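Colleague: No gaps in the numbering here: position 83 of the sequence shown is 82 in numbering that gives the first Met the number 0, and each next residue is one more. Built from N, CA and C at the ideal position, the CB exists for glycine as well. These numbers were taken from a predicted model, which means no experiment stands behind them. Let me give you the structure first, and then I'll get to my questions.
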Amino acid sequence: MTSLDLRRATAADFAVAVDWAAAEGWNPGLDDLPAFHGADPEGFFIGYIDGRPVSSISVVRYGACFGFLGFYIVDREHRGSGAGLATWNRGIAHLEGRTVGLYGVVAQQDNYRKSGFVLSGRNLRHSGKPSLDGADAGAVGKGMAELRAVTAADLPALCAYDRKFFAAARDSFTANWALPGADVRRIARIAVVDGEIFGYGVIRACRSGCKIGPLFAEDEATAVTLFLALCATAPGEEVSLDTPVDNKVALRLAERFGLAPVFETARMYRGPAPELPLARTFGITTFELG
0 MTSLDLRRAT AADFAVAVDW AAAEGWNPGL DDLPAFHGAD PEGFFIGYID
50 GRPVSSISVV RYGACFGFLG FYIVDREHRG SGAGLATWNR GIAHLEGRTV
100 GLYGVVAQQD NYRKSGFVLS GRNLRHSGKP SLDGADAGAV GKGMAELRAV
150 TAADLPALCA YDRKFFAAAR DSFTANWALP GADVRRIARI AVVDGEIFGY
200 GVIRACRSGC KIGPLFAEDE ATAVTLFLAL CATAPGEEVS LDTPVDNKVA
250 LRLAERFGLA PVFETARMYR GPAPELPLAR TFGITTFELG
């Protein structure tokens, strides 16, 4: 292999990796990159051969003990050349000493196991144009929820709520994800009951249709309420929802509204797997950053 030059990537540099992800069928969000890169600007790498980008990886650090790996892609022309392994090793080195999580596509799961990753569970992507006719969200656990947009005043409580669903605090990312700029095609809603956050969801425009993620809720009715409200912001669009297979209620929600299974990923960790409230996780946040 001609020498691979691995460089830390700016957001602009990393745009090529988002294009590769789209070509792989991952359907990235139109405005994902600024929020992703802002979560850990030092955790994005591009590999170059003769000045041309050929590989990518993101290795985002959260807190002192956890990291998440994504965007591990090699240009088709250079697969099998050693570029992938070199890129992988650089990414893993960036997360040395941390538990590392990833969502692995089926084709790569054996390779991840060889690097010490252990299967913890599976996620299933459902997609389709939601069938919302006659939908009735019903009452919400402790009472009827107030559904509203996120404000800056909500961020401390929202970040605390998000921490329950992730392996480490990611307050900066959550603030950016839930309260984007006016020109960002991403909409967040929270469900509030008796002054407490009872659920949280985000929908974002993607290269094809929209994705909902996360979709966190204390019960099924709250999840349905949020799902319907988010879908209503994108009428007629295809919607994707990535659900943990462990949450049978979430799978039922997706199927109830006409979404069909598309593909699955493995939830894998190198190091101690975090204990997450999968029964209240109706949709993961992203495949790329956890």
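Could you check what DSSP says for Asp31 in three-state terms: helix, strand or coil?
Modeller: In the sequence shown, residue 31 corresponds to position 32, counting from 1. Correct three-state label for Asp31: helix.
Colleague: When DSSP labels each residue in this structure, what does Ile283 get in the three-state scheme?
Modeller: Counted from its first residue, the sequence shown places residue 283 at position 284. Reduced to three states, the DSSP call for Ile283 is coil.
Colleague: Quick one: is Glu145 buried, meaning 16 or more other Cβ sit within 10 Å of its Cβ, or exposed?
Modeller: Counted from its first residue, the sequence shown places residue 145 at position 146. Exposed.
Colleague: Excluding sequence positions up to five away, which residues of its chain have a Cβ less than 7 Å from the Cβ of Val58?
Modeller: Here residue 58 refers to the residue found at position 59 when the sequence shown is read from its first residue. Cβ neighbours of Val58 beyond the five flanking positions: Gly42, Gly66, Leu68, Gly90, His93 and Leu94.
Colleague: Nearest-angstrom Cα distance between Gly163 and Arg78?
Modeller: Walking along the sequence shown from the start, residue 163 turns up at place 164. Walking along the sequence shown from the start, residue 78 turns up at place 79. Note that residue 163 corresponds to Lys in the displayed sequence, not to Gly. Lys163 and Arg78: Cα-Cα distance of roughly 38 Å.
Colleague: Whole angstroms are fine: how far does the CA of Val201 sit from the CA of Phe35?
Modeller: Numbered from its first residue, the sequence shown carries residue 35 at position 36. Numbered from its first residue, the sequence shown carries residue 201 at position 202. Rounded to the nearest angstrom, the two C-alpha atoms are 15 Å apart.
Colleague: Starting from Asn175, trace the beta strand (DSSP E) in both directions and tell me its first and last residue.
Modeller: Along the sequence shown, read from residue 1 onward, the residue named residue 175 stands at position 176. Not the beta strand (DSSP E): Asn175 falls in the alpha helix (DSSP H), residues Asp170 to Ala177.
Colleague: Use the C-beta contact count for Glu217: other C-beta atoms within 10 angstroms, 16 or more gives buried, fewer gives exposed.
Modeller: Position 218 of the sequence shown, counting from 1, holds the residue named residue 217. Flag for Glu217 reads buried.
Colleague: Thinking Leu5 and Thr86 are a contact (beta carbons under 8 Å), I'd like their distance in whole angstroms, please.
Modeller: Taking the first residue of the sequence shown as 1, we reach residue 5 at position 6. Taking the first residue of the sequence shown as 1, we reach residue 86 at position 87. Going by Cβ atoms, the distance from Leu5 to Thr86 rounds to 6 Å, so yes, they are a contact pair.
Colleague: Are the CB atoms of Ala265 and Leu32 within a distance shorter than 7 Å?
Modeller: Within the sequence shown, the letter at position 33 stands for residue 32. Within the sequence shown, the letter at position 266 stands for residue 265. Taking 7 Å as the Cβ cut-off, Leu32 and Ala265 do not qualify as a contacting pair.
Colleague: In this structure, what does DSSP give as the bridge partners for Val223?
Modeller: Against the sequence shown, residue 223 aligns to sequence position 224. Val223 pairs with nothing; no bridge assigned.
Colleague: What span of residues does the alpha helix (DSSP H) with Pro243 cover, start to end?
Modeller: Residue 243 sits at position 244 when you count from the first residue of the sequence shown. Careful: Pro243 lies outside any alpha helix (DSSP H), inside the beta strand (DSSP E) at Val238 to Pro243.
Colleague: Ala253 and His125 - do their beta-carbons sit closer together than 7 Å?
Modeller: As a position in the sequence shown, residue 125 is number 126, starting the count at 1. As a position in the sequence shown, residue 253 is number 254, starting the count at 1. The answer is yes: Cβ separation under 7 Å.
Colleague: Where does Glu219 land, buried or exposed, given buried means 16+ other C-beta within 10 angstroms?
Modeller: As a first step, residue 219 must be located in the sequence shown, where it is residue number 220. Answer is buried; the Cβ neighbour count reaches 16.
Colleague: For a test of the three-state rule: what should DSSP assign to Asp155, helix, strand or coil?
Modeller: Within the sequence shown, numbered from 1, the residue matching residue 155 stands at position 156. Here residue 155 is Pro; the residue named in the question, Asp, does not match the sequence. Helix.
Colleague: Less than 8 Å between the CB atoms is what I'm expecting for Tyr160 and Ile186, so what's the real figure, rounded?
Modeller: Position 161 of the sequence shown, counting from 1, holds the residue named residue 160. Position 187 of the sequence shown, counting from 1, holds the residue named residue 186. Contact flag wrong, Cβ pair sits at about 18 Å.
Colleague: Which residues mark the beginning and the end of the alpha helix (DSSP H) in which Ala265 is found?
Modeller: By 1-based counting over the sequence shown, the position of residue 265 is 266. Element bounds for Ala265: not the alpha helix (DSSP H) but the beta strand (DSSP E), Ala259 to Arg269.
Colleague: How is Phe165 classed by DSSP in three states: helix, strand or coil?
Modeller: Stepping through the sequence shown from its first residue, residue 165 is reached at position 166. Three-state DSSP puts Phe165 in coil, outside helix and strand.
Colleague: Which residue wins for smallest C-alpha separation from Ala190, given the options Val149, Arg169, Lys210 and Gln107?
Modeller: Counting from 1 along the sequence shown, the entry for residue 190 is found at position 191. Taking only the C-alpha atoms, the option nearest Ala190 is Val149.
Colleague: By Cβ distance below 8 Å, which residues in the same chain neighbour Gly140 in space, the five residues on each side in sequence not counted?
Modeller: Locating residue 140 in the sequence shown gives position 141, where the first residue counts as 1. For Gly140, the predicted structure reports a pLDDT of 41, less than 50, and the residue's modelled location is therefore unreliable. The matter cannot be settled from this model.
Colleague: Using a Cβ-Cβ cutoff of less than 7 Å, which residues in the same chain neighbour Ala10 once the five nearest sequence positions on both sides are dropped?
Modeller: What you label residue 10 is simply residue 11 of the sequence shown in a count that begins at 1. Leu32, Pro33 and His36, listed in sequence order.
Colleague: Run through DSSP, which three-state label would Asn110 get?
Modeller: Locating residue 110 in the sequence shown gives position 111, where the first residue counts as 1. Asn110 falls in the helix class under three-state DSSP.
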